[in-house]
Amino acid sequence: MRMLKIITVWAVVALPLAYGLWNTLENAAQLFGG
Amino acid sequence: MNFLAVLSKERSVAPAGYNRWLIPPAALAIHLSIGQAYAFSVFKLPLVERFNSSDTAIAVIFSIAIVMLGLSAAFGGKWMERNGPRKAMVLATICWTSGFLIAALGVQLGYLWLVYFGYGFIGGIGLGIGYISPVSTLMRWFPDRPGLATGLAIMGFGGGALIASPLSNALLAHFGDTAVAGIVPTFITLAAVYLVFMSFGAALIRIPPAGWQPEGYVPRKTPQKLTTSAQVSASAAVKTPQFYFLWILLFCNITAGIGILEQASPMIQAYFTNITPATAAGFVGVLSLANMAGRFVWSSSSDRIGRKPIYLLYLGVGSILFIILAQLGHTAVALFVGIAVVAISFYGGGFATIPAYLKDLFGTFEVGAIHGRVLTAWSAAGVAGPLIVNLITDAQHQAGVTGAAAYAPSLMVMAGVLAVGFIANLLIRPVAQKHHLPTPPPLDVVVETAPEPARQ
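If you're matching them up, the sequences are chains A and B in order. Counted the way this note's numbering counts, the first sequence spans residues 2 to 35. Counted the way this note's numbering counts, the second sequence spans residues 27 to 482.
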């Protein structure tokens, strides 16, 4: 239960960050011809 | 009254067995939100159009916010230490979200001054208080890995822009046929999102019980040369030369980093004629990632390498990288991008490692307040960096110099700025005993529950 709480809490901050990273990587791909 | 009692430092003390890995997400929730400030440029063109004003008039909004960040961190640090991180986070939440709402009203009514006041002044206070709010708490939870802990939080400030930039663009497109029409609902939506997200952080944050230490943690018997076991108050710290050397090295590190960040897009297009604006935007994205990653990677590495050596790396190697960029950057895109990425990772690392450096020198007693005062270097560099770069580059353009040659002088000046920071770092010695507090201060409130080692 304690571990579930930690995973949930980390997911709350990790998911928006993943959204931001994905968008940035999509932009960055253009630099390398992607 | 009951609501305020919930926010008190006493009510924020962690119960026995509280897992310390719940603290970094609380800090990240705050930093990911206020990191939106770095994505403010998304609103630049719509605001210029809405107010029919110059670029400079709109850029002032961000400048006021950064100046207020430094001032509120400097003046609010002691208040934050006295009242605890939760109250500080709630204050930051109120200022940051009401800043957006006031700015939205300003946009609606057509009053630019109200946007200055809302986002710049009020929002800037939220930035400063929010930025320092989790730092000293994190270092008390992670005495064994302070660089990792603060690196995680301050990485969030870099990450905040990565989230806010695409989110704001999507909201602007969703709410209006034109970006101008979308500004007000976008500001209101962002305020609501940040209210929820930052409140989550404030609810989650806990301070460790008095005397708490991580399980199995044994403080070094022979501490590193600069690391003190004594405590120095914020008012005593500003009387030490170490404080000013740290201020100078942070100022130099930020000024030089801004030298690249400020002109990243036009610079790469000037260096390589085949680079399009869209590709240059990709380069800016790569730099944002390097900035964010550097905060975590370098700051956590400083726990092993030591704070002084890692700043010698940021400033010394950083200075050499700027010289190579100025002299050889035009030879290949990969070389240009590679060097810029490492240099910007050092810029991020410099931000994230400073709290742990302060802890080493001054102890954890009022490290949040001392950190707040050092952050005035950020405000100063936020003004000096763009000014230096723009003045030099404009002078080059007026003299008819184009392409890479127009940017080389400003990069060389920034190499010199980093060298000054390198020397300041070399001069740092342990804080003299006369500045130490005579008796160990109570680092946290005493609680009745017996402290129990938290899980790793």
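We put the CB at the ideal spot given by N, CA and C, even for glycine. For clarity, every value in this text was computed on a predicted model and none was experimentally measured.
For the candidate residues the options, whose alpha-carbon lies nearest to that of residue i?
| i | options | result |
| --- | --- | --- |
| B:P245 | B:T204, B:S225, B:P169, B:A190 | B:P169 |
| B:I189 | A:V10, A:L26, A:A30 | A:L26 |
| B:Y373 | B:L54, B:G156, B:I180, B:F309 | B:I180 |
| B:S291 | B:F362, B:I336, B:P234, B:S326 | B:F362 |
| B:R330 | B:G344, B:T419, B:A382 | B:A382 |
| B:A229 | B:T428, B:A434, B:I56 | B:I56 |
| B:Y145 | B:I336, B:A53, B:M440, B:G125 | B:G125 |
| B:S225 | A:L5, A:K6, A:V14, A:I8 | A:V14 |
| B:F391 | B:S98, B:A306, B:L463, B:A118 | B:L463 |
| B:A406 | B:A52, B:F183, B:N279 | B:N279 |
| B:V446 | B:G398, B:L341, B:L30 | B:L341 |
| B:T419 | B:S371, B:L48, B:F348, B:M293 | B:M293 |
| B:L33 | B:S79, B:A118, B:S80, B:P51 | B:A118 |
| B:Y157 | B:I60, B:P235, B:S80 | B:I60 |
| B:G206 | B:Y243, B:I349, B:L73, B:W139 | The sequence shown places Val at residue 206 of chain B, not Gly. The residue with the shortest Cα to Cα distance from B:V206 is B:L73. |
Go ahead and label residue i buried or exposed: buried means 16 or more other beta carbons lie within 10 angstroms of its beta carbon, across all protein chains shown.
| i | result |
| --- | --- |
| B:Q482 | Its pLDDT being 43, under 50, B:Q482 is placed unreliably by the model, and nothing is read from it. |
| B:E478 | In this prediction, B:E478 has a pLDDT of 43, which is less than 50 and means its spatial position is unreliable; what the coordinates show is noted afterwards. That one is exposed. |
| B:Q289 | buried |
| B:I396 | buried |
| B:Q62 | buried |
| B:H461 | buried |
| B:N300 | exposed |
| B:N416 | exposed |
| B:A425 | exposed |
| B:A167 | The question names Ala, yet the displayed sequence has Trp at residue 167 of chain B. Classification of B:W167: buried, given that the 10 Å Cβ count is 16 or more. |
| B:V68 | buried |
| B:E36 | exposed |
| B:S79 | exposed |
Here's a check: name, in chain order, each residue in its chain whose Cβ is nearer than 6 Å to the Cβ of residue i, leaving out the five neighbours to either side.
| i | result |
| --- | --- |
| B:L95 | G150, L153, G154 |
| B:A410 | T281 |
| B:A130 | V210, F213, I214 |
| B:F388 | V258, A263, I396 |
| B:Y64 | A187 |
| B:A403 | W273, L276, F277 |
| B:A434 | A352 |
| B:A316 | V367, I370, S371 |
With a threshold of 8 Å on Cβ separation, who are the neighbours of residue i within its own chain once the five nearest residues in sequence on each side are excluded?
| i | result |
| --- | --- |
| B:V400 | F269, L272, W273, L276, I380, L384 |
| B:A430 | A296, Y297, G355, H356 |
| B:V393 | V161, S162, M165, P381, L384, K385 |
| B:G136 | R76, F77 |
| A:L18 | none |
| B:R321 | G177, I180, M181, F183, G184, G374, G375, F377, A378 |
| B:A432 | A296, T419, Q422, H423 |
Suppose the cutoff is 7 Å on Cβ atoms and the five residues either side in sequence are ignored; what does the same chain contact list for residue i look like?
| i | result |
| --- | --- |
| A:R3 | none |
| B:V359 | F298 |
| A:W11 | none |
| B:Q134 | V210 |
| B:P412 | I284, E288 |
Quick check on the DSSP output: what are the complete alpha helix (DSSP H) runs of length 4 or more inside the region 313 to 398 of chain B, in order along the chain? The region 313 to 398 of chain B contains, as complete alpha helix (DSSP H) runs of 4+ residues, the segments 333 to 338, 344 to 354, 359 to 388 (chain order).
What residues in the region 4 to 26 of chain A bring their beta carbon closer than 8 Å to a beta carbon of chain B? K6, I7, V10, W11, V13, V14, P17, L18, Y20, G21, L22, N24, T25, L26
Along the region 184 to 206 of chain B, what residues have a CB closer than 7 Å to any CB found in chain A? G185, L188, I189, P192
Residues, ordered as in the chain, of the region 297 to 318 of chain B that lie near chain A by beta-carbon distance below 7 Å: A304, T305, A307, G308, F309, G311, V312, S314, L315
Unbroken alpha helix (DSSP H) runs of length 4 or more, entirely within the region 113 to 160 of chain B: which are they? 138 to 141, 149 to 158
Using a Cβ-Cβ cut-off of less than 9 Å, give me the residues of the region 350 to 366 of chain B that come near chain A, in sequence order. Residues of the region 350 to 366 of chain B with a C-beta less than 9 Å from any C-beta of chain A: V359, V363, listed in chain order.
Residues from the region 229 to 242 of chain B in contact with chain A, defined by Cβ distance under 7 Å: Listed by position, the residues of the region 229 to 242 of chain B near chain A (Cβ gap below 7 Å) are L230.
With 9 Å as the limit, tell me which residues of the region 67 to 81 of chain B have their beta carbon closer than that to any beta carbon of chain A; keep them in chain order. none
Segments assigned alpha helix (DSSP H), at least 4 residues, entirely inside the region 405 to 478 of chain B: Segments of the alpha helix (DSSP H) lying fully in the region 405 to 478 of chain B: 430 to 452.
Along the region 42 to 62 of chain B, where does the CB come closer than 7 Å to a CB of chain A? Name the residues. N45, W47, L48, P51, L54, A55, L58
Ignoring anything shorter than 4 residues or poking outside the region 264 to 299 of chain B, list the alpha helix (DSSP H) runs there in chain order. 267 to 287, 290 to 297
So if I threshold CB-CB distances at 9 Å, which residues from the region 119 to 141 of chain B count as touching chain A? none
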